[in-house]
Amino acid sequence: MITRLRMERASAERGQALADAVAALDNERAKFEQAAKGIEESARRKALDEFLGDLHIEERRYLRQHRVLFAHKKSLVLQERIFFRNVPLSNWVEHEVTVEEGADLDGVAKTLSVFNKALEAGEKPARGVKWLQFRAG
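Numbering (my numbering), first residue to last: 87 to 223.
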């Protein structure tokens, strides 16, 4: 009977040790999964930042003059397109607006910009913005 009680106590201790080991293993597994999710999210965020860093906007603008009889009309033409590295992602998007004599052409161009939100907000252009200015006669 004593031997039987000792065996049951040893069995209970082994069961408790096994339960503790399983709980520790589950805890380690949860920590590992959480760390893996953090690493994956960090890698995804870094990849997105690198992708967005490779996007840039090319912009060109020029003045177009229309002569009809004795009337002269000037219009500002703004063209812009999006690039990924050196590959264009879009065709030239063209905006034309009639401007008065002595108008602030930079201010007008900022309001016409579609792709570059920094220009619309009145900030300095982003690092990837290339300005190409032309004058047409």
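Glycine included, C-beta positions come from ideal geometry on N, C-alpha and C.
Close beta carbons around F156, own chain, < 6 Å, minus the five adjacent residues each side: Within the sequence shown, the letter at position 70 stands for residue 156. No residues qualify anywhere along the chain.
Whose C-alpha, out of V194, L198, V185, is nearest the C-alpha of R150? Locating residue 150 in the sequence shown gives position 64, counting from the first residue. Nearest of V194, L198, V185 to R150, Cα basis: V185.
For the putative contact between H142 and F169, defined by C-beta atoms under 8 Å, what is the C-beta separation to the nearest angstrom? Translated into positions along the sequence shown, residue 142 becomes position 56. Translated into positions along the sequence shown, residue 169 becomes position 83. Their Cβ separation, rounded to whole angstroms, is 5 Å, which keeps H142 and F169 in contact under 8 Å.
With a 10 Å radius around its C-beta and 16 neighbouring C-beta atoms as the bar for buried, classify E166 as buried or exposed. As a working note, residue 166 is residue 80 in the sequence shown. Counting Cβ neighbours within 10 Å, E166 comes out buried, since at least 16 surround it.
With a cut-off of 8 Å, does the C-beta of V173 fall near any C-beta of chain D? Judged by its chain identifiers, the structure shown contains no chain D, having just a single protein chain.
Tell me the residue span of the beta strand (DSSP E) that contains A157. Residue mapping note: residue 157 aligns to position 71 of the sequence shown, counting from 1. Counting along the chain, the beta strand (DSSP E) containing A157 begins and ends at 157-170.
Which listed residue (P174, A122, V183, N177) has its alpha carbon closest to that of L164: As a working note, residue 164 is residue 78 in the sequence shown. For the residues P174, A122, V183, N177, the minimum Cα distance to L164 belongs to V183.
Does the distance from the CB of R226 to the CB of D140 come in under 8 Å? Lying before the first or after the last residue shown, residue 226 is absent from the chain, which here runs from 87 to 223.
Take the Cβ of S199 as the centre, count every other Cβ of all protein chains shown within 10 Å, and call the residue buried at 16 or more, exposed below. By 1-based counting over the sequence shown, the position of residue 199 is 113. Counting Cβ neighbours within 10 Å, S199 comes out buried, since at least 16 surround it.
What is the DSSP secondary structure of V200, reduced to helix, strand or coil? Reading the sequence shown from its first residue, position 114 is the one you call residue 200. DSSP places V200 in coil when its eight states are reduced to three.
So, with DSSP's three-state summary, where would you put L175? Within the sequence shown, residue 175 is the residue found at index 89, counting from 1. Coil, per DSSP.
Could you compute how far the alpha carbon of G101 sits from the alpha carbon of I125? By one-based count along the sequence shown, residue 101 stands at place 15. By one-based count along the sequence shown, residue 125 stands at place 39. Cα to Cα, G101 sits roughly 36 Å from I125.
Quickly, what does DSSP pair V185 with across the bridge? List them, please. In the sequence shown, residue 185 corresponds to position 99, counting from 1. DSSP, once it has assigned bridges, lists K160 as partnering V185.
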